[in-house]
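Enquirer: Here you go, one structure.
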Amino acid sequence: MSRYWSSDDEDDDSGDDFLKKLRLRDKKDKNEKPTLVQIMFSWSLSDVFNRDLFKNKVQKIPKTFTSLEHYFGSFTTPLIEETHEDLRSSLQAFSHASSYAELHSIEQTKTQLLYSIVVKIPKIDDDGNSGYVSYEPMDSDIFVLTRTKPKHVSDLTCNATSYIIGCVVRNKDSVENVDPNQYVVKLSRQLETKSYRESYFMVFLLNMTTSIRIWKSLDLDLATKRNMCIINKLLSYDSSVRSVSSPSSCSSENFLEVCLSDYLDRFELNGSQKSVVQDCLSMRESNHTDNPIKLIWGPPGTGKTKTTSTLLLALLQSGCRTLTCAPTNTAVVEVASRLYKLFKVEKSMDKFNFSTGDIILFGNSARMKIDEDLSQIFLEHRAKRLLQKCFMHITGWKHTVGAMIDLLENAGSQYECYVVEVMKENDKKDFAKVETFNEFVLKRYRHLANKLEECVEVICKDLPSSFVPWMVFKYMNICVDLLKIFRNFLISASVSDEDLGELFQSTVEETNELLLFVDSSRCFEEHLSIKAKLRKCRTFLLQLVRKLSRDFNLPNISDSASVQDFCLKNATVIFCTASSSFSLHNIEMLKPLKFLIVDEAAQLKECESLIPLQISGIENVVLIGDEFQLPAMVKSQISEMAGYGRSLFERLSSLGQEKNLLNIQYRMHPSISKFPNSNFYENRISDGENVLVTSYLRQYLSGPLYGPYSFINIERGKEGTDKHGRSKKNMIEAAVAAQIVEKLFKATERTNQKLSVGVVSPYTAQVFAINEKVGKKHDLSNYFSVKVRSIDGFQGSEEDIIIFSTVRSNKTGSLGFLTNVQRTNVALTRAKHCLWILGNEATLSRNENIWSELICDAKKRSCFHNADKDSDLSETIFKACIESDELDNLLNMDSLQISKTKRFDRPSSSNLRQGFARGKLKEKSRFF
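For the sequence shown, UniProt numbering begins at 1 and goes up steadily by one.
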């Protein structure tokens, strides 16, 4: 049994008591709370596979709390149980592991249980296949160490000492290693082998990064050192308290007046969207902080992202330092991308004086799929540009601007040194290799001007405006203009070397004329000679570069990590996932982050939201979400029943916290929005003008089944499971879905009309089955796109047409998690023009649930159709039954309306029985 959990512990421990019992048993560590990884390491293999290990330890998470200890303790045991279930399911899938690596060596360090490992590089054969799957370990990866490649979970139990798991504590990117394939890992126990160079494999199980961050955020000793202002307000939340805005200062009133009258009207927000932005901004302007949290309720298609980005633009304009988080990389990228687009439009119109450097997005670039446009605000790419172009001693700002000043002041002496060097190299014989003074100056000027222009461009785009005064920005832009003008003068000038040398020898005194210099092109009158223009331009340019050299300096930074910290300390708006915001706890901000916006807040576990809520300086929080859409994913049923997946948004809403509703939807045709609106939103959502116009109704295929909203009843479907028995599928529905996709594809080929199709299913096995049938032949089409995903994969997405495969088809009416109204709501609200639901009426309506209501509603609205009434679908079902060996279905297909014009004659039931009995139906295609 676990070292941190003895069998004699009482079964009814509260969360508070459990925290106390998590102290290490060893005397020297009795007051130290163990890490989550230590607790995981303490479980034996039998502990891991014991589903009931924490069954009586996990208590229901309440809605209100009496203290910080009660609050944090309520999440601790469910987090441990969730980790336990995550490890159990990962080990259960051990034999199917696709991420593993063979070790070249494993050496123990001076620290107990800490080992240095070197991973073998996969050997690639002539066919491009490796002997094993390449796995690149990341920090906080949990892996199992084995002597053989993954085959079966029983390999871990072949003897009493075979089960060893480990955690990557430093990967190759977090520590400087001589060998790029070297990592530092911590193992659950000491290796007993004498030779550490024997064959070992590390098999990836799960990544613990987010769980470890949540665990640390629940540590009272650490938490009390962080920002507890918001947390304490959450503990004492009272729904009877309503925040009332106090009178704002003159500057605040001016900001609100200018911002709201200018921005909100220009962005064409509707009444509810304007109200949300105004309410959130007044929250910042107000001194009343009894209730520092606001809830924004954003049902599907109501412009939640547009409203959020407009609010962020207003906060940026006001200079309010804001952190924007979301549960997933996809959600963060979406809102960051939308703000950046708005910002570029405003910047092009000179609406405000902020740079791109005021906006930062950070996280995992691969998972975020950063494109070229977003790379402008992505922290990792920005730090690389700044380091190379601005901070490096040899290529950076200080060196480049100094070299330009030296050339403009001392071109003559530089030329003399150049001539001496060339003559030395050529033994004073070949004068032809010596450049003229004009050639020398132009060549070096071009090189330095290009470097300086690149440097200025990076500074103006990538440095935050708080670090670069506005006048410096202005002078830098003028400097770029002058650099180009002077280069053109040098190229076009027909002056002798003597005249040019005399020009560069003249001294340049500081004057006030530069302060009047606004438009560089107006300072060079047409009547001036080229020599006079050159002299005047050099004078202005040298004065300007001197001034920039004096007035603007960059900190002495020489590594990427320091540049990233510098950017985060100075940026105005920061984007990241809630989990990634943990890194901000370790950054000492120059000015605190004041405002926190959490997008998709209803999809974020409350304990995970504690990570950004504890960031120093946060005073106001806006939670944007919809508790009627997908909640956070929880693997453990025990933790799920305890409310571990509940969001802060949902809890506050259940306690009576007022929600600002976005009440106009612009996505769905009214036929699609009708059922979700009445069943989930109490008919409080109106349809936007854009979806009410006649042109929004699209008939992509002929026939009554293919209107804007249809329930297509497939009686012959039969649910099964994948080969591992974990996920359900229905091959008849998969065939029907693929057939409809094919019909749509052919229709777009004829019309060249662009069309996006989404095929949604609640089960992963069904997603795989449909994907296999749909194939990839549509991938190269310029007009047609099809995505096949789970419901979770479609959260936040929209397509022209959605085909929803419900899968369940059984005699008991068992629906599993299909009865989850949140999951159903997401599936029903992804379509813009057409939603076609595939399902078995008898199964879905057998018991009273959301699906029986949906089918009843579809019948009332004449949107219910039997698939076998459509000749194409009837034939598809018949073929699918044969392919799936569904003999019972074939023998009961009297109701199928197969067209007499088909290319095959339907065999009789007796012939089918005889054929199957004699094994003559092996090639099922002969019927067609």
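Think of the CB as a built atom: it goes at the ideal place given N, C-alpha and C, for glycine as much as any other residue.
Quickly, what does DSSP pair Ser105 with across the bridge? List them, please.
Expert: Position 105 of the sequence shown, counting from 1, holds the residue named residue 105. Answer by DSSP bridge pairing, in chain order: Val118.
Enquirer: Does the count of Cβ pairs from the region 44-60 and the region 83-91 closer than 8 Å reach three?
Expert: yes
Enquirer: Quick check on this structure: which residue in Glu454, Thr721, Phe628, His381 has the alpha carbon closest to the alpha carbon of Thr400?
Expert: Locating residue 400 in the sequence shown gives position 400, counting from the first residue. Of Glu454, Thr721, Phe628, His381, the residue nearest in Cα terms is Glu454.
Enquirer: Over what stretch of residues does the beta strand (DSSP E) that includes Cys834 continue unbroken?
Expert: In the sequence shown, residue 834 corresponds to position 834, counting from 1. Taken as a continuous stretch (DSSP letters only), the beta strand (DSSP E) holding Cys834 covers 831-839.
Enquirer: Looking only at C-alpha atoms, which of Cys325, Leu45, Ala602, Met589 sits nearest to Ser654?
Expert: Along the sequence shown, one-based indexing puts residue 654 at 654. When only C-alpha atoms are compared, the closest one is Ala602.
Enquirer: Please report the distance separating the alpha-carbon of Ala449 from that of Thr395.
Expert: Position 449 of the sequence shown, counted from the first residue, corresponds to residue 449. Position 395 of the sequence shown, counted from the first residue, corresponds to residue 395. Using only the alpha carbons, I get a separation of about 13 Å.
Enquirer: Checking 8 Å against the spacing of the C-beta atoms, do Ile770 and Ala747 come in under that value?
Expert: Stepping through the sequence shown from its first residue, residue 770 is reached at position 770. Stepping through the sequence shown from its first residue, residue 747 is reached at position 747. Cβ distance not < 8 Å, so Ile770 and Ala747 don't count as in contact.
Enquirer: Does the beta-carbon of Gly301 have 16 or more other beta-carbons within 10 angstroms, so that it is buried, or is it exposed?
Expert: As a first step, residue 301 is located in the sequence shown; it is residue number 301 there, counting from the start. Its Cβ being crowded by 16 or more others within 10 Å, Gly301 is buried.
Enquirer: By a C-beta neighbour count over all protein chains shown, 10 Å radius and 16 as the cutoff for buried, is residue 930 buried or exposed?
Expert: One cannot answer for residue 930 here, as it falls past the ends of the chain, which runs 1 to 928.
Enquirer: Does DSSP classify Trp297 as helix, strand or coil?
Expert: Along the sequence shown, read from residue 1 onward, the residue named residue 297 stands at position 297. Here Trp297 sits in strand by DSSP.
Enquirer: With a threshold of 7 Å on Cβ separation, who are the neighbours of Glu253 within its own chain once the five nearest residues in sequence on each side are excluded?
Expert: Taking the sequence shown and counting its residues from 1, one reaches residue 253 at position 253. Interpretation of Glu253 is limited by its pLDDT of 44, a score under 50 that renders its predicted location unreliable; the figure taken from the coordinates is listed afterwards. So the list is empty, once near-sequence residues are dropped.
Enquirer: By Cβ distance, which residues of its chain are closer than 7 Å to Pro62, with the 5 residues on each side in sequence left out?
Expert: Within the sequence shown, the letter at position 62 stands for residue 62. The residues are Ser74.
Enquirer: Where are the alpha helix (DSSP H) runs, 4 residues long or more, that stay fully inside the region 467-518, in chain order?
Expert: 470-492, 497-505
Enquirer: Please classify Cys417 as buried or exposed, where buried requires at least 16 other C-beta atoms within 10 Å of its C-beta.
Expert: Against the sequence shown, residue 417 aligns to sequence position 417. It is exposed - the Cβ of Cys417 has fewer than 16 other Cβ atoms within 10 Å.
Enquirer: Can you find the residues in the same chain that come closer than 6 Å, C-beta to C-beta, to Lys451, ignoring five residues on each side of it along the sequence?
Expert: As a first step, residue 451 must be located in the sequence shown, where it is residue number 451. Closer than 6 Å at Cβ, skipping near neighbours: Thr400.
Enquirer: Can you give the Cα-Cα distance for Lys773 and Ala880, rounded to whole angstroms?
Expert: Stepping through the sequence shown from its first residue, residue 773 is reached at position 773. Stepping through the sequence shown from its first residue, residue 880 is reached at position 880. Answer to the nearest angstrom: the Cα atoms are 11 Å apart.
Enquirer: Who does Glu798 pair with in a DSSP beta bridge?
Expert: On the sequence shown, position 798 is the one that residue 798 refers to. BP columns for Glu798 are empty, so no partner.
Enquirer: Rounded to whole angstroms, what's the CA-CA distance from Gly656 to Leu610? Just pull it up for me.
Expert: Locating residue 656 in the sequence shown gives position 656, counting from the first residue. Locating residue 610 in the sequence shown gives position 610, counting from the first residue. Going by the C-alpha atoms only, they are around 21 Å apart.
Enquirer: In angstroms, rounded to a whole number, what distance separates the CA positions of Gly625 and Ser466?
Expert: By one-based count along the sequence shown, residue 625 stands at place 625. By one-based count along the sequence shown, residue 466 stands at place 466. Gly625 and Ser466: Cα-Cα distance of roughly 32 Å.
Enquirer: In chain order, which alpha helix (DSSP H) runs of at least 4 residues are fully inside the region 537-592?
Expert: 560-570
Enquirer: Exposed or buried, residue 930, counting other C-beta atoms within 10 Å across all chains shown (16 or more means buried)?
Expert: What the structure shows of the chain is the stretch from 1 to 928, and residue 930 is not part of that stretch, so it cannot be assessed.
Enquirer: If you compare alpha carbons, which of Lys729, Cys863, Ile405 is closest to Thr806?
Expert: Indexing the sequence shown from 1 puts residue 806 at position 806. Minimum Cα distance to Thr806 is reached at Lys729.
Enquirer: Helix, strand or coil: which one does DSSP assign to Arg88?
Expert: Counting from 1 along the sequence shown, the entry for residue 88 is found at position 88. Arg88: helix per DSSP, three-state reduction.
Enquirer: Using only CA atoms, which one of Arg284, Lys398, Tyr200 lies nearest to Arg550?
Expert: Taking the first residue of the sequence shown as position 1, residue 550 is located at position 550. Check the Cα spacing between Arg550 and each of Arg284, Lys398, Tyr200: the tightest is with Lys398.
Enquirer: Would Tyr671 and Trp836 qualify as a contact pair, given that the criterion is a beta-carbon distance under 8 Å?
Expert: Within the sequence shown, numbered from 1, the residue matching residue 671 stands at position 671. Within the sequence shown, numbered from 1, the residue matching residue 836 stands at position 836. It is worth fixing the name first, because residue 671 is Ser in this sequence and not Tyr. Cβ distance not < 8 Å, so Ser671 and Trp836 don't count as in contact.
Enquirer: Who are the near neighbours of His104 in its chain, counting only those whose CB is closer than 7 Å to its CB and skipping five residues on each side?
Expert: Numbered from its first residue, the sequence shown carries residue 104 at position 104. Closer than 7 Å at the Cβ level, and outside the excluded window around His104, lie Val118, Val119, Lys120.
Enquirer: Quick check on the burial criterion: 16 or more other C-beta atoms within 10 angstroms. Buried or exposed for Pro676?
Expert: Position 676 of the sequence shown, counted from the start, is the residue given in the question as residue 676. So Pro676 ends up on the buried side.
Enquirer: Tell whether a beta-carbon distance below 8 Å holds between Thr764 and Ser727.
Expert: Start at 1 with the first residue of the sequence shown, and residue 764 comes out as number 764. Start at 1 with the first residue of the sequence shown, and residue 727 comes out as number 727. Yes.
Enquirer: With distances taken Cα to Cα, identify the nearest neighbour of Thr35 among Leu79, Gln59, Phe804, Ile574.
Expert: Reading the sequence shown from its first residue, position 35 is the one you call residue 35. Ranking Leu79, Gln59, Phe804, Ile574 by Cα distance to Thr35 puts Leu79 first.
Enquirer: Between Arg284, Thr328, Trp297, Asn329, which has its C-alpha nearest Leu312's C-alpha?
Expert: Against the sequence shown, residue 312 aligns to sequence position 312. Checked all of Arg284, Thr328, Trp297, Asn329; the closest Cα to Leu312 is Arg284.
Enquirer: How many angstroms separate the CA atom of Glu498 from the CA atom of Thr436?
Expert: Here the question's residue 498 lines up with position 498 in the sequence shown. Here the question's residue 436 lines up with position 436 in the sequence shown. Cα-Cα distance, rounded: 10 Å.
Enquirer: Secondary structure at Ser790, three-state DSSP: helix, strand or coil?
Expert: Residue 790 sits at position 790 when you count from the first residue of the sequence shown. DSSP places Ser790 in strand when its eight states are reduced to three.
Enquirer: Consult DSSP for Gln665 and reduce its assignment to one of helix, strand or coil.
Expert: Numbered from 1 along the sequence shown, position 665 holds the residue referred to as residue 665. The three-state reading of DSSP puts Gln665 in strand, counting E and B together.
Enquirer: Measure the alpha-carbon distance for Lys591 versus Pro555 and round it to whole angstroms.
Expert: As a first step, residue 591 must be located in the sequence shown, where it is residue number 591. As a first step, residue 555 must be located in the sequence shown, where it is residue number 555. When the Cα atoms are used, Lys591 and Pro555 turn out to be separated by approximately 17 Å.
Enquirer: Assuming contact is defined by CB atoms lying nearer than 8 Å, are Val741 and Val759 in contact in what I supplied?
Expert: By one-based count along the sequence shown, residue 741 stands at place 741. By one-based count along the sequence shown, residue 759 stands at place 759. Against a cut-off of 8 Å, the Cβ pair of Val759 and Val741 comes out as a contact.
Enquirer: Can you find at least 3 beta carbon pairs, one from the region 409-416 and one from the region 459-476, that sit closer than 8 Å?
Expert: Counting C-beta pairs with one atom in each stretch, the region 409-416 and the region 459-476 have fewer than three that are closer than 8 Å, which means they do not touch.
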